[in-house]
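As structure tokens, the structure follows; a few thoughts come after it.
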Amino acid sequence: RRVVVTPSLLRLTDIFLAVKSTGRFHGTRLSLLLETWISKTKEHTFIFTDTEDEDINSRGYNLIVTDCPSDHSHQALSCKMSAEYDHFMASDKKWLCHVDDDNYVNPGALLSLLSAFPQDGDVYVGKPSLDHPIKAHELLEGNKTKEVQFWFATGGAGFCLSRRLAEKMAPWASGPRFEQTSAVIRLPDDCTVGFIVERRLGISMVHSSVFHSHLENLLLLTPSNIPLQVRYTHTHTAIYLYRSDTHTQQYTSTGQIHTHPAIYLYRSDTHTPSNIPLQ
Ligand code: UDP
Ligand code: MN
């Protein structure tokens, strides 16, 4: 008798999608995501915010209201990242992926990306924020400091951590420790993740061009073979949808349905595009 052992395949629902938001963006940024990509990943998407929202709750989304301050300080942002980490650790999911509420996620592309890694490996994957490692001053005992260098993935473009790596991060990331570690280098949440992985654990970040942030020049995007049907029917502030293959954009203000391949969504109200030819 022959026994065939097939490795268990990663499913989309194995990915813990953590979205960072804040009360004043619920009606603007978040509502758009709920109607687009989160509608397809509802069960395993968790929205970390600072303000209760009955409307979002009643629609069955996983809204996690943290005690974090509702401002843009390092402390407030690290507080939310810490909550994302702790909730992921308490879940049965295999990957933690963090995104901001102005990111568009292509679930299929994300699943392909993560499926290609060894599922029991130590993986930290994202888009490097800079083209060189960041230099930070680690605070030591007695008010001394030490210069440290490490790569980190831009939180605003999204990044992912495998469960095995996340478990190893616990001494610097669980409970109050994430915010303590952030204070040691006096840098925000995404830098802190890079510091823990690269400096505390000695594991290198995997650089990926699959992630996109609003900071990049979209004309530099390379052609992509990742199609996505974006359907957008909500009456809303204008958004821009960029086709990654042609870099053309579709502009919408009310009720139009877009079925163009796109992997990138760019909000005109929160971030002004630069160097993009208007058509
Ligand atoms: N954010 C937050 N509290 C704030 C402001 C922003 O939690 O007071 C979140 C916001 O919802 C988003 C992320 O932080 O997920 C980044 O915010 P934004 O895009 O406005 O700024 P960026 O850092 O990208 O320029
Ligand atoms: Mn942003």
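For the sequence shown, the UniProt record's numbering begins at 101 and goes up steadily by one.
Heads up, the beta-carbon is just placed ideally off N, CA and C, and yes, glycines get one too.
Please read these numbers as outputs of a predicted model, since none were measured by experiment.
{"Asked": "What would DSSP say about SER308, mapped onto helix, strand or coil?", "Found": "coil"}
{"Asked": "If I follow the unbroken beta strand (DSSP E) through LEU117, where does it start and stop?", "Found": "115-120"}
{"Asked": "Based on the DSSP secondary-structure assignment, which residues constitute the bridge partners of residue 382?", "Found": "Absent from the model: residue 382. The displayed extent of the chain is 101 to 379, so no value can be given."}
{"Asked": "With a threshold of 6 Å, establish whether the CB of GLY221 neighbours any heavy atom of the ligand MN.", "Found": "no"}
{"Asked": "I'd like to check one pair, ASP201 with ARG129: are the Cβ atoms closer than 7 Å?", "Found": "yes"}
{"Asked": "With H, G and I counted as helix, E and B as strand and the rest as coil, what does DSSP make of PRO228?", "Found": "strand"}
{"Asked": "Whole angstroms are fine: how far does the CA of HIS237 sit from the CA of ARG286?", "Found": "8 Å"}
{"Asked": "Restricting to runs no shorter than 4 residues, where is the alpha helix (DSSP H) found entirely within the region 163-195?", "Found": "174-190"}
{"Asked": "If you follow the alpha helix (DSSP H) that VAL284 is part of, which residue opens it and which one closes it?", "Found": "277-285"}
{"Asked": "Alpha carbon to alpha carbon, how far is LEU230 from PHE250?", "Found": "11 Å"}
{"Asked": "Rounded to the nearest angstrom, what separates ALA283 and GLU241 at their Cα positions?", "Found": "13 Å"}
{"Asked": "Thinking just about the alpha-carbon of each residue, which of GLY127, LYS180, GLN175 is nearest to the one in ASP155?", "Found": "GLY127"}
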